[in-house]
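Number of protein chains: 2
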Amino acid sequence: MSTPEGILGGMNRKQGAGQRKRAYHHGDLERSLVDAALTTIREEGVQALTLRGVGSRLGVSRTALYRHFDDKQALLARVAAEGFKRFHEALATAVARAAAKRANPMPAMAAAYMRFALSNPSHYQTMFSGVLTDWGRYPDLVHHAEGAFNVLLDTIRSEQQEKRMGPGNPLDLAEITWALSHGLATLGLARQLRRTPAQLQDLALMGCTILEHGLRRRS
Amino acid sequence: MSTPEGILGGMNRKQGAGQRKRAYHHGDLERSLVDAALTTIREEGVQALTLRGVGSRLGVSRTALYRHFDDKQALLARVAAEGFKRFHEALATAVARAAAKRANPMPAMAAAYMRFALSNPSHYQTMFSGVLTDWGRYPDLVHHAEGAFNVLLDTIRSEQQEKRMGPGNPLDLAEITWALSHGLATLGLARQLRRTPAQLQDLALMGCTILEHGLRRRS
DNA sequence: ACCTGAACACCGTTCAAGT
DNA sequence: ACCTGAACACCGTTCAAGT
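Here the protein sequences come in this chain order: A and B.
All letters in the first sequence, in the order written, are residues 169 to 387 by our numbering.
All letters in the second sequence, in the order written, are residues 169 to 387 by our numbering.
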């Protein structure tokens, strides 16, 4: 790992004043590129993202990006990986908080899922829109995606073990639960359901409750 | 509407022999363009569709398409509209067949939904991938999309009226049911669930059953 | 180390021109 | 009516060159 502060300290003596990683043109261009991409995706959709657009948003040439990312895919993969990391954390936190209150973790996860999608629409779109091919090229993408899914799967397993949830193959139940949350989130973000964020949040909870009740009743 | 047979009959006397709408270069180029687009989408994904690619697949210039479609969006909209029309019909047929057998229409619809997605992946991808903006420009798109959703909504309403389904706001239940089917279909087609088509079909039925049981049990 | 400008091979779209 | 070729304004990506 390089130590940009030390190197740049000699090149630019007006360093400091709260700016740690300032390079001679941009401080932490890599981070700025990701943020600029997120802004573009939020405003125009992931389909409309261009490297020229991202560059010009920062007053930087279209090729400057190649110092930090292999190609356009790599920039999108970074956005998605960051999204999956936050998503993973959001689900884990929701489960932990429910456990601390001895509350049902399933609706807590359903709420956290929808809240994440609504609060991070650019990340969510990049994670699931299908713009990303070759997931295999980006290990942390796969790592956090699997991590998030495993939070769900492990919670279902332990709820079943404690007899708080009805029987059924945990993998089947996890995929069905995920599909419902994912369906509501994608349709909601695409404005295919005519709902306010608060109503989408209610719908996610309601769907989760119905599934849980259905599981108790199965033969 | 023009009558190409009459016009072309004078231009090309080797007409007939089972070919009705043959123009001097291609018979029904419009239909061929849609089919070529579907093939490309199936093989490379909707993101990879180019007008040059579609044209060269038919041995036709990239601009020939503009005689039949306003632009690329219009070609994609045609694919999506055709998809929604077939989708609408598939759902309506499933409900009608279930009614004829006095069978439960809900699992019949869930099965028909997944079967449509698996049998028409190119259509499904174009319908729901988000490549299509400006739905308002294509009325039959909206018409058939609403038609398909209304089959679901009406079925839920009548099942509730006949006391075969538990209580709840029909619109809420329709959107939850749709979201589950849509989530399973999109995740399945994107190979994010590691399932065979037959397993996806089973999962769709299972999800539908759990939802129905959950509805009976709600307070 | 970081950034640029020119160049290349692609795109969708327009338009005058051919049959 | 139907199709083409040239032209235009965009892409992503590469690369030699600058500081």
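Glycine residues also receive a C-beta, built at the ideal position from the N, C-alpha and C atoms.
Here the structure is a predicted model, which is why all the values come from computation and not from measurement.
Looking only at its chain, what residues have a beta carbon closer than 8 Å to the beta carbon of residue i, apart from the 5 residues adjacent to it on each side?
i        : result
Val202/B : Leu243, Arg246, Val247, Glu250
Ala262/A : Pro273, Ala276, Met277, Ala279, Ala280
Glu197/A : Reading off the sequence, residue 197/A comes out as Leu, not Glu. So the list reads Ala191, Leu226, Val228, Ala232, Arg235, His236, once near-sequence residues are dropped.
Would you kindly work out how many angstroms separate the C-alpha atoms of residue i and residue j, rounded to a whole number?
i        : j        : result
Gly221/A : Leu206/A : 12 Å
Ala264/A : Lys331/A : 19 Å
Gly213/B : Gln360/A : 22 Å
Tyr234/A : Leu226/A : 14 Å
Gly304/A : Asp239/B : 35 Å
Arg230/A : Arg199/A : 16 Å
Ala258/B : Asp302/A : 33 Å
Thr345/B : Gly195/B : 42 Å
Ala266/A : Gln241/A : 37 Å
Ala268/B : Ala342/A : 35 Å
Pro335/A : Thr218/A : 48 Å
Ser224/B : Ala232/B : 10 Å
Gln367/B : Asp340/A : 10 Å
Leu379/A : Ile378/B : 6 Å
Asn337/A : Ala204/A : 43 Å
Leu383/A : Arg384/B : 12 Å
Gly356/A : Val299/B : 16 Å
Phe296/B : Met295/A : 15 Å
Val228/B : Leu286/B : 31 Å
Met333/B : Pro365/B : 28 Å
Thr354/A : Thr354/B : 10 Å
Measuring only between beta-carbons, confirm whether residue i sits less than 8 Å from chain A.
i        : result
Asp322/B : no
Gly221/B : no
Gly351/B : yes
Met282/B : no
Met374/B : yes
Leu206/B : no
His381/B : yes
Lys189/B : In this prediction, Lys189/B scores a pLDDT of 32, lower than 50, which makes its location untrustworthy; no coordinate-derived value is stated.
Ala267/B : no
Leu348/B : yes
Ala358/B : yes
Chain B beta carbons: is any one of them nearer than 8 Å to that of residue i?
i        : result
His312/A : no
Ser297/A : yes
His291/A : no
Gln328/A : no
Pro172/A : In this prediction, Pro172/A has a pLDDT of 31, which is less than 50 and means its spatial position is unreliable; what the coordinates show is noted afterwards. No, Pro172/A lies away from the interface with chain B (no Cβ there is under 8 Å from its Cβ).
Asp340/A : yes
Leu259/A : no
Gln215/A : yes
Leu355/A : yes
Leu371/A : yes
Leu361/A : yes
Ile344/A : yes
Ile209/A : no
Identify, in the order they occur along the chain, each residue of the same chain with its Cβ nearer than 7 Å to the Cβ of residue i, setting aside the five sequence neighbours on each side.
i        : result
Leu373/B : Pro275, Ala278, Ala279
Gly184/A : Annotation note: pLDDT 28 at Gly184/A (below 50); position unreliable, coordinate value reported separately. If we look at Gly184/A and ignore the five residues flanking it on each side, it has no Cβ neighbours.
Leu371/A : Leu352, Arg363
Ala358/B : none
Phe252/B : Met295, Leu309, His312, Ala313, Ala316
To which residues of the same chain is residue i closer than 6 Å at the C-beta, ignoring the five residues directly before and after it?
i        : result
Phe237/A : Leu243
Ala260/A : Val319
Phe255/B : Phe284, Ala316
Gln369/B : Met282
Cys376/B : Met274, Pro275, Ala278
Ala216/B : none
His381/A : none
Would the beta-carbon of residue i be found less than 7 Å away from any heavy atom of the ligand GTP?
i        : result
Val214/A : The model depicted lacks the ligand GTP and carries no ligand whatsoever.
Flag this pair as touching only if the region 317-334 of chain B and the region 271-280 of chain B have three or more C-beta atom pairs under 8 Å; answer yes or no.
yes
The region 315-324 of chain A touching the region 342-354 of chain A, judged by at least three CB pairs closer than 8 Å
yes
At a cut of 8 Å, does the region 303-316 of chain B reach the region 299-317 of chain A through at least three beta carbon pairs?
no
In chain order, what are the residue ranges of uninterrupted alpha helix (DSSP H) at least 4 long that sit wholly in the region 299-378 of chain A?
Unbroken alpha helix (DSSP H) runs of no fewer than 4 residues, entirely contained in the region 299-378 of chain A, are found at 307-329, 338-357, following chain order.
Closer than 8 Å is the cut-off here; do at least three beta carbon pairs connect the region 290-303 of chain A with the region 207-217 of chain A?
yes
Note down, one range per segment and in chain order, each alpha helix (DSSP H) of at least 4 residues found wholly within the region 215-272 of chain A.
Taken in chain order, the unbroken stretches of alpha helix (DSSP H) that lie wholly in the region 215-272 of chain A and span 4 residues or more are 219-225, 240-268.
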